[in-house]
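In our numbering, the protein residues as written are 71 to 455. From the three backbone atoms N, C-alpha and C, an ideal C-beta is built for every residue, glycine too. The structure appears right after this line, and notes come after that.
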DNA sequence: ACGAGCCTTG
């Protein structure tokens, strides 16, 4: 019975491959996107290995694992990623499934799905229990590495080779994969397969589908998802609504987006920073700084911390419109919030302030940037004025 | 501790 679900999901993969629009296929970066030197990275690897000697570090600093692996992968230092992760086998934590699940996930984020698979295969030798949770981590690694064929292969062998039974999380991950492949019909039909196997879709199932449909501006199919949610008494949250907000904005239906945000409030779903950012993006794309500012204020009134993208959107438009006082306010706020600011934009703001003879403000911004270590490069007051 | 978003950038 469990193998039948696998077979059916795998069948959907075969169908999806033939119908996939394949517009979203994104190659792994072909060249390093960082200027960090090899020396710095080697030091990073050594420092990381040393840190991971501490059991406290291993159990609580997953963020450090992620950022280290992300930096190494961005620099294409895959052998270093392997080195760091294999090193973790020296610790007894390796017998804990949760720990290995995290490592499998790290391989996935580095785009190293074959390494993830190998680690999964090694679990019994490592004296580590292997349940569907590890299998799900491996499926997720396939999604993060965009290795969709590999996911189909795994589904075909999970029943016989591993005697693991896929669960609701497995299905949600398969849905996510179909959405990323642009095979939305397959994504939706996974729900039927779930139900045939006694697995009820949950909020994450529906949110994944809503995002998939709205990204492709398939409004009417998304409505079917909302209806099904209602039918199943699954209560939407803010993550359900945000993809619709973004899609309405992309579709130039900004007044409907505003209505929706008001509608959310009345349904007791508080809009968050992503919600407001969607509207701000709409107005910024249309060059309407006044309305964009209004929604930025609204964002603050609702205690939402602006996103990095919010600062970039508003800051660029403010510079374009010559509103350097507002641009300065944004830069200060972003730095205080420890958000990375676009360096080019910072320079535009400094230049603009100088042009308006606001030298004190310009200097203040340069200093603020320097003292926060964000701008080790060449943020400068122009000398030719 | 496996599954849902903004953008990706030093």
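Reduced DSSP category for residue i - H, G, I as helix; E, B as strand; rest coil
| i | result |
| --- | --- |
| residue 213 | helix |
| residue 143 | helix |
| residue 361 | helix |
| residue 259 | helix |
| residue 109 | helix |
| residue 77 | helix |
| residue 348 | helix |
| residue 103 | Confidence in residue 103 is poor, its pLDDT being 48 and thus under 50, which makes the residue's placement too unreliable to answer from. |
| residue 87 | helix |
| residue 193 | coil |
| residue 151 | helix |
| residue 290 | helix |
| residue 182 | coil |
| residue 272 | coil |
| residue 356 | coil |
| residue 374 | coil |
| residue 428 | coil |
| residue 122 | coil |
| residue 97 | With a pLDDT of only 39 at residue 97, under the threshold of 50, the placement of this residue in the model should not be trusted, and no figure is reported. |
| residue 71 | Confidence in residue 71 is poor, its pLDDT being 46 and thus under 50, which makes the residue's placement too unreliable to answer from. |
| residue 285 | helix |
| residue 230 | helix |
| residue 304 | coil |
| residue 201 | coil |
Rounded distance between the beta-carbons of residue j and residue i, thought under 8 Å
| i | j | result |
| --- | --- | --- |
| residue 149 | residue 181 | Contact doesn't hold; Cβ gap of about 13 Å is too wide. |
| residue 396 | residue 365 | 14 Å between Cβ atoms; not a contact. |
| residue 247 | residue 221 | 6 Å |
| residue 348 | residue 384 | Actually they are not in contact, since the Cβ atoms of residue 348 and residue 384 sit about 13 Å apart, beyond 8 Å. |
| residue 359 | residue 393 | 7 Å |
| residue 161 | residue 128 | 6 Å |
| residue 327 | residue 352 | 6 Å |
| residue 208 | residue 190 | 5 Å |
| residue 374 | residue 333 | Actually they are not in contact, since the Cβ atoms of residue 374 and residue 333 sit about 18 Å apart, beyond 8 Å. |
| residue 297 | residue 284 | That belief does not hold up - the Cβ atoms of residue 297 and residue 284 are roughly 15 Å apart, past 8 Å. |
| residue 159 | residue 196 | 7 Å |
Endpoints, the alpha helix (DSSP H) within which residue i is located
| i | result |
| --- | --- |
| residue 25 | Examination of residue 25 is not possible in this model, given that the chain is present from 71 through 455 alone. |
| residue 409 | No alpha helix (DSSP H) holds residue 409; DSSP gives it neither H nor E. |
| residue 222 | 218 to 227 |
| residue 451 | First-last for residue 451: undefined, no H or E at that position. |
| residue 382 | 378 to 390 |
| residue 179 | 167 to 179 |
| residue 246 | 238 to 251 |
| residue 45 | Here the chain covers residues 71 to 455 and nothing more, so residue 45 does not appear. |
| residue 325 | 324 to 336 |
| residue 129 | 125 to 130 |
Beta-carbon proximity check, residue i vs residue j, cutoff 8 Å
| i | j | result |
| --- | --- | --- |
| residue 178 | residue 210 | yes |
| residue 243 | residue 213 | yes |
| residue 288 | residue 318 | no |
| residue 413 | residue 260 | no |
| residue 164 | residue 205 | no |
| residue 304 | residue 340 | no |
| residue 415 | residue 441 | no |
| residue 166 | residue 198 | yes |
| residue 236 | residue 75 | yes |
| residue 435 | residue 389 | no |
| residue 183 | residue 152 | no |
| residue 420 | residue 404 | no |
| residue 115 | residue 155 | no |
| residue 86 | residue 251 | yes |
| residue 134 | residue 121 | yes |
| residue 157 | residue 119 | yes |
| residue 271 | residue 302 | yes |
| residue 269 | residue 241 | yes |
Give a yes or no on contact between the stretch 274 to 288 and the stretch 305 to 321, applying the rule of three or more CB pairs nearer than 8 Å.
yes
Assess, as a yes-or-no matter, whether the stretch 139 to 154 is touched by the stretch 164 to 171 under the definition of 3 or more beta carbon pairs within less than 8 Å.
no
Would you check if the stretch 399 to 419 and the stretch 371 to 386 touch, i.e. whether three or more CB-CB distances between them fall below 8 Å?
yes
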